[in-house]
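Input: a single structure, listed below in structure tokens.
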Amino acid sequence: MSNLNQRLKKMGNYASVSLVIIGICLIISEFFVHRHGEIKLEDFPVFPVIYGFSASVFIVVVGIGLRYLLMRKEDYYD
Amino acid sequence: MTNITPGLLMIVAAAFVPYLPHHIRQVFMLIAIGFSAVSLFAGEGVHWIIFVFGQELILHNADNLTLPFGIIFHIAATLNVIYGWHERRPMEHTAGLAYAGAAIAALHAGDLITLFIWWEATAITSVFLILASGTQRANNAAMRYLLVQVASGVMLLAGACLYWKESGTIAFGAMELGSTGTWLIFLAFGIKAAFPFLNGWLQDAYPEATIIGTVMLSSFTTKLAIYAFARGFAGTEYLIWIGAVMTAFPVFFAVIENDLRRVLAYSLNNQLGFMIVAIGIGTELALNGAVAHAFAHILYKALLFMSIGSVMYRVGTAKATELGGLYKSMPLTMIFCIIGAMSISAFPLFSGFTAKAVIMKAVGYEGLIYVYLVLLAASAGVLHHSGIKIPYFTFFSHDSGLRPKEAPFNMIIAMAIASVFCIGIGVMPTQFYQILPYELNYQPYDASHIVGQFQLVIFAMLAFTFLMRFGFYPPEISSTVLNSDWFYRKLAPRIGKPFLLIANKIGVGANAFLIKFTKLFISRISYIYQHPVTGPVTPGPAAIALITLLMCVLLITNIF
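Those sequence lines, one after another, are chains A and B.
So the first sequence is numbered by this note's numbering: it starts at 15 and just counts up by one.
So the second sequence is numbered by this note's numbering: it starts at 12 and just counts up by one.
Take a look at the structure:
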């Protein structure tokens, strides 16, 4: 494995860990900040956390499904 | 001098661009843009009218809606000149300057006919940005692009004529959907705004343009359509639903697309959806949101296209499968790309946050819960494909083995300026909101909003990390993802081919019959010529033909 690949992997690990820590901090901050949204549903505790995560997973899952339907070879139109 | 339509000077200047030496040409273009911008100071009102065939054509109309668009179009044109400074060929510069000029002039059209003229001018000038690529693939894409754009123009003209007949005016103002004329105008705008199923041209053509060309294209055409909707159809309810679909569906395509410039074209489409929803709502707050978003969007979208363009300039490709690990070779480009990515993902302190917040507030205020939830999900989607996918697959991911130089100096300057704007708009919302059409007393930075937004984006990022770590994320595959251009690139030819074959057969048959008939006719004449019944021999077949014709005429005139 090249040197750069190792370094990229390491960076990836750091990034993942820091994201998890930031995520935990954000959930904790919910107890200190009175968060309210533009619609009532958004006032539900940790709504953006749940919605952001699940929307992202949903998009990727649908994307994978779309691949079967819409993906063709690169020279399809040529 | 301020009476002259902004942009017109740029179009005139473009005619001289090919004849100027390299660096002087770039300076000349900057000066032309500067002089054109002077007309923005004309103030509100009608500044230039001409009369053609008894019709009043308003060439320069300025108000609170044209001004923010005028400002951002001039900024974008300036950035394009700097970004393309290294390019010695004049074609893209000429086309780009004229294209920007035409778009700016279109903003100031006070009537539908003037709008149509500039509308078509943007199509005709911009197609050269795609043609400049010089490949057969680009040529084909350019022709398809031109066909769609001209179709939009023709519909606008037809709509304008019908509208004139219905209402007795060609003034370009707020219209009510209902008649054929207004529907045609609506559709003409819709094509340029890349409505769902009318969007194929955007993802088809933009990634085929040259590196500078794509950056230029990303700024003007679609935002001109957004402006046109804001002026003509603000408060039209259909737009809310169309816009909501527009924000959502390109996201899925962007996730699986391999060409990063095409990913950006999908994300451009999705961003337009936010503006269309806001225009559909049509309140002052919503229109402010649409304009703010268009303004911020032009900058961060150009920045993203610029950064991917810089990578492409150095390594010759923008395909995710062939890129990766460039953060060490092109660190500045990486930083600018991430600033663009954070702006489009609406991180607090970046332009997307301050702009999108206004739209979200307007949607929430109207109580459109489902639309709000769609927009919120689409925001997470934007973060996915533009915020993470673009920088991740280009600069990180894995070692592609590419070790290019950093982007050229001029590209770095252009990206730096765009970045400053992205952050500036993000940190100074009050100043930014002052250029919007209506007064806006809104403060996006409160603890609640900041925490909420951070929760949304960070957990969307965590979802990406989670999917990536556990191998659920779809790997990049070199492929073609079918889009609505499939209908006219594959389906229409497939259905049309048998009909064309039949038509062709009929044509060939009719042609053969005509030839046979003519031959028969001539042989008959020759026969008569060679076998005179009586009298002297006629001098030639021509005379026989003439005599026959004369006889026919006499016969006919006698009968009738």
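A virtual CB, placed ideally from N, CA and C, is assigned to each residue, including glycine.
None of these values were measured; they are calculated from a predicted model.
The beta carbon of Ala425/B sits closer than 7 Å to those of Leu90, Ile93, Tyr94 and Met317, all from its chain and outside the five residues before and after it, given in chain order. The way I'd put it, the segment 109-128 of chain B does touch the segment 15-31 of chain B; three or more beta-carbon pairs between them come closer than 8 Å. Chain-ordered, the chain B residues with CB closer than 8 Å to the CB of Tyr91/A read Thr491, Arg500 and Lys501. The DSSP-derived three-state label of Phe206/B is coil. Between the segment 433-444 of chain B and the segment 317-330 of chain B there are fewer than three C-beta pairs closer than 8 Å, too few to call the two in contact. Ranked by Cα distance from Ser178/B, the options His33/B, Gly192/B, Met166/B and Val63/B are led by Gly192/B.
Neighbours of Phe475/B in chain A, taken as residues whose beta carbon is under 7 Å from its own, are Ser70 in chain order.
If you ignore the 5 residues before and after Gly284/B, its C-beta comes within less than 6 Å of the C-beta of Gly254, Met257 and Thr258, all in its own chain and listed in chain order. In the displayed model, Ile446/B falls within coil according to three-state DSSP, outside both helix and strand.
Under the DSSP assignment, Asn75/B falls outside any beta strand (DSSP E); it carries neither an H nor an E label.
When DSSP reads this structure, Val57/B sits in a beta bridge with Asn72/B. For Ser16/A, the neighbours in chain B by C-beta distance under 7 Å run, in chain order, Asp410. In terms of CA proximity to Met40/B, Trp96/B leads the group Asn75/B, Ala305/B and Trp96/B.
Of the candidates Val28/B, Cys563/B, Gly293/B and Asn281/B, the residue whose Cα lies closest to the Cα of Tyr449/B is Gly293/B. Neighbourhood of Pro415/B in chain A, by CB distance below 9 Å: empty, with the nearest CB roughly 14 Å away. Around the beta carbon of Arg535/B, fewer than 16 other beta carbons lie within 10 angstroms, which makes this residue exposed. Cβ neighbours of Asp74/B within its own chain (closer than 6 Å, five residues either side excluded): Glu55.
Under the 9 Å criterion on CB atoms, Ala329/B is classed as non-interfacial with respect to chain A. The beta carbons of Gly77/A and Pro485/B sit closer together than 9 Å. Residue burial annotation: Pro59/A is exposed, with fewer than 16 other C-beta atoms found within 10 angstroms of its C-beta.
Judged by pairs of C-beta atoms under 8 Å, the segment 241-251 of chain B touches the segment 178-189 of chain B, as three or more such pairs exist. Ala289/B does not reach chain A, its nearest Cβ partner there being about 13 Å away, counting only Cβ pairs nearer than 9 Å. A Cβ-Cβ distance of about 5 Å is found for the pair Ser340/B and Arg414/B, placing them in contact under the 8 Å criterion. Looking at the DSSP output, Ser190/B shares a beta bridge with Leu188/B. Residues His308 of the same chain have their beta carbon placed closer than 6 Å to that of Gln282/B, with the five preceding and five following residues left out of the count.
Around the Cβ of Ala26/B, a 10 Å sphere holds fewer than 16 other Cβ atoms; the residue is exposed. In the structure shown, Val47/A adopts coil according to DSSP, grouped into three states. Considering only Leu334/B, Ala289/B, Ala301/B and Val382/B, the residue with the shortest C-alpha distance to Pro402/B is Leu334/B.
For the pair of segments examined, the segment 52-66 of chain B was found not to touch the segment 131-149 of chain B: the number of CB pairs separated by less than 8 Å stays below three.
When the Cα atoms are used, Gly507/B and Tyr82/A turn out to be separated by approximately 27 Å. The Cβ atoms of Ile42/B and Ala120/B do not sit closer than 9 Å to each other. At the C-beta level, Cys348/B and Thr441/B stay beyond 9 Å of one another. In the structure shown, Val564/B falls within a helical segment according to DSSP collapsed to helix, strand and coil. Between Ser411/B and Asn19/A, the alpha-carbon positions lie close to 9 Å from each other. Between Gly320/B and Ala329/B, the CB-CB gap stays under 9 Å. In its chain, beyond the 5 residues on either side, Ser356, Val468 and Ala471 have a beta carbon closer than 6 Å to the beta carbon of Leu394/B.
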